[in-house]
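What follows is one structure encoded as structure tokens, with my remarks underneath.
This is how it looks when you write it as structure tokens:
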């Protein structure tokens, strides 16, 4: 990310505008002199200016949610007629995240030097992808930047909402596994040894199930650190391999799509993102072939990404989008037919938006249903694990009682 020249400060100011009305606000600049100069450009006569602490004192991380909020704020201000540079200053000064403030004000400085917004955003590809920059470029060239930014904001909000739903869907199974493992390990390390010392005075053979649990407890006590290191190393190695190997990512995504319940949710989410992105790009006037290039990276799944790229190649040779979608074999017939209707009627953007709305609602319902189903499942799994360990420990006591 480009660094901002100079140390930035936030300034609270009060003054009077051209009509003599009392106004107040907050600006970000290197010095008080710069704030006064900026206010004079806006027709404000400053009466009092107070410097706050250094703007970028803390650390932070720019999240996709921050980008979505920034897009909506910028679109709203441009629609209200506020100049682009001033809009960036207002949005940047009002943001709570120091990292996001730094990003916004860095772009603002580039804008003040005469650089186009598209070129400014291109300096930060980590936060503004090709799709985002393409839409902004269309808006700048067409003179409708506020309208295109509104489309960008809506798109980012919709995609972030669907991502949160997917994270929610994946959280519950992960929570079941993690909680079950933690509870089991705690029992094996701290509870089972207490019973083992009790059983040593029995002077009788222990049931096979009890013996197995005690042996497992001893193994964890002796080799627990080694097992933990192996697990952490395996997870870290897998994550590194996944970053570097597209084949591994594709195999994982293909497997995920075939999983019960979760696979269906992931499929619906990928179709929703595909349709939402296609609708946004096409409604902005981006040619279909170019739009499909951006759509491929927005699906969030390597299998769908590869399919959309294959579609792009077919469409580039003159094939209809409907036929190209059918050839992939991964899109439901309803989606293909709705896209076909959009192509024939010249309303591909509107039909794609309807597909996105439908599948986004389906994802919402599926995630809520899965959450309701998993709650008793979590209790059942924990009950079996904890109950199994309890039974294993009490079997010798029951055996003694029967003998007596």
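Residue numbers (the working numbering): -11 to 392.
The beta carbon of each residue, even a glycine, is placed where N, CA and C say it ideally should be.
Report buried or exposed for residue 368, applying the criterion of at least 16 other Cβ atoms within 10 angstroms of its Cβ.
By the beta-carbon neighbour count (other beta carbons within 10 angstroms, threshold 16), residue 368 is exposed.
Using 8 Å as the Cβ pair cut-off and three pairs as the minimum, do the region 350 to 358 and the region 286 to 294 touch?
In short, these stretches do not touch, since the Cβ pair count stays below three.
Taking only the alpha-carbon atoms, compute the straight-line gap between residue 271 and residue 176 and give it to the nearest angstrom. C-alpha of residue 271 to C-alpha of residue 176: approximately 60 Å in a straight line.
- Query: What are the residues that DSSP puts in a beta bridge with residue -1?
  - Reply: Under DSSP, residue -1 forms a beta bridge with 15, 39.
* Asked: Where residue 280 and residue 302 are concerned, what is the direct C-alpha to C-alpha distance, given to the nearest angstrom?
  -> Distance from the CA of residue 280 to the CA of residue 302, rounded to the nearest whole angstrom, comes to 11 Å.
query = Which residue or residues does DSSP assign as beta-bridge partners of residue 10?
reply = 4.
Query raised in the report: For residue 229, does the count of other Cβ atoms within 10 angstroms reach 16, so buried, or fall short, so exposed?
Result: The residue in question, residue 229, is exposed, as its Cβ has fewer than 16 Cβ neighbours within 10 Å.
Inset, instruction - Pull up the DSSP beta-bridge partners for residue 34, would you. - result: DSSP lists 3 as the beta-bridge partner residues of residue 34.
* To do: State the DSSP-derived secondary structure class of residue 261, mapped to helix, strand or coil.
  => Residue 261: helix per DSSP, three-state reduction.
* Only counting runs of 3 or more residues, tell me where the beta strand (DSSP E) segments fall wholly within the region 180 to 258, in order along the chain. => Secondary structure remark: continuous beta strand (DSSP E) runs of at least 3 residues inside the region 180 to 258: none found.
Practice prompt. With DSSP collapsed to three states, give me the class of residue 129.
Written response: In the three-state scheme derived from DSSP, where H, G and I count as helix and E and B as strand, residue 129 is classed as helix.
*residue 139, buried or exposed, once every other Cβ within 10 Å from all chains shown has been counted against 16*: It is buried - the Cβ of residue 139 has at least 16 other Cβ atoms within 10 Å.
**Alpha-carbon spacing of residue 221 relative to residue 78, whole angstroms** = Going by the C-alpha atoms only, they are around 46 Å apart.
**Item:** Helix, strand or coil at residue 318 according to DSSP, with G and I counted as helix
**Value:** DSSP places residue 318 in coil when its eight states are reduced to three.
Check: Does the distance from the CB of residue 267 to the CB of residue 354 come in under 8 Å?
Finding: It is not a contact, given that the beta carbons lie outside the stated cut-off.
Would the beta-carbon of residue 132 fall within 8 Å of that of residue 59? No, they are not a contact pair.
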